[in-house]
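Reading through the structure tokens given below for one structure.
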Amino acid sequence: MNAVLQRGQGLIAWRQIADALEAEIATGALRPGAKLATEAQLATRFAVNRHTVRRALAALTERGLVRSAQGSGTFVEAAPLRYPIGPRTRFSEIATAAGREAWGRLLEAHTVLAEPWVAEALELAPGTPVLALHSRHEADGVPISAGVTYLPLPRFAGFDRLYAETGSLTRAYAAHGVTDYLRRSTQISARIAEPAEAAQLALAPGRAVLVIESVNTDAEGAVIQATRSCFAADRVTLSV
């Protein structure tokens, strides 16, 4: 439906558009995950140019109400995913329990020399070769976290191929004989997303991320994983 903006009353057009769309999100007319009309359609609806619409959408993105997916459109942000951290923390199980489809996407993998914090976490000598997996976790196609997981070698040689095929750390571990693994420690901090992180998580510049450093062991207590991940702060609610 076309909408009439108030003209000549000191109300900026883009702000009126942003307020109108925010009201539709608040009332449920636009539900979480819903795709917004295109810029051209919104420009026709509000009888403005596309630049004005783009400014309104940018304001909503900055406030975490919508997200833009390149080539797909603009979507209403889903409700935050409740993310419990305990002895057994599994992204796929957490997302599935919330009724969302989980997927771990391997972005790149290579062998690196363990820097001091990685070496300490994995109980290795600094400079020991380890496997580094750069990945992103998604729920219903929405990026939730991105980071790097370090695994000791040679125990987990070939782990990257299995992870790429299955999209699941748990299944990749099982193929390496690790049927269960436990969280030894978790450290949480917060900061503004760096440009590369914002791009990976489809965040507007200036949005916050939660930085989680974790260490996992196998059932016998041997350290098998050290991870540093950035979570989109307004897409999760951590429960520790």
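Letter by letter, the sequence shown follows residues 64 to 303 in my numbering. Even glycine gets a Cβ: it sits at the ideal position worked out from N, Cα and C. All values derive from a computational prediction rather than experimental measurement.
Is the segment 256-270 close to the segment 175-183, with three or more CB pairs under 8 Å? Output reads no: the segment 175-183 does not touch the segment 256-270.
When you compare the CB positions of A122 and W166, do they come within less than 9 Å of one another, or not? No; because the gap between Cβ atoms is not below 9 Å, this pair is not in contact.
Let me know if R94 comes out buried or exposed under the rule of 16 or more other beta-carbons within 10 Å of its beta-carbon. The residue is exposed, with fewer than 16 neighbouring Cβ atoms inside 10 Å.
Rounded to the nearest angstrom, how far is the Cβ of P99 from that of F138, given a contact under 8 Å? Correcting the residue type first, residue 99 is Leu in the shown sequence and not Pro. Taking C-beta atoms under 8 Å as the contact rule, L99 and F138 qualify, at a distance of about 7 Å.
Beta-carbon within less than 7 Å of A182's beta-carbon, same chain only, minus the 5 sequence neighbours each way: which residues are those? So the qualifying residues of the chain are A188, P189, T191.
Would you call the segment 214-225 and the segment 276-290 in contact, with 3 or more CB pairs under 8 Å? Under the Cβ criterion (8 Å, minimum of three pairs), the segment 214-225 counts as touching the segment 276-290.
Are there 16 or more other CB atoms within 10 angstroms of the CB of T115, so buried, or fewer, so exposed? Buried.
Can you tell me which residues form a DSSP beta bridge with H239? H239 pairs with nothing; no bridge assigned.
Taking the alpha carbon of A209 as the point to measure from, which residue in T280, L273, A89 has its own alpha carbon closest? Nearest in C-alpha terms to A209, of all of T280, L273, A89, is L273.
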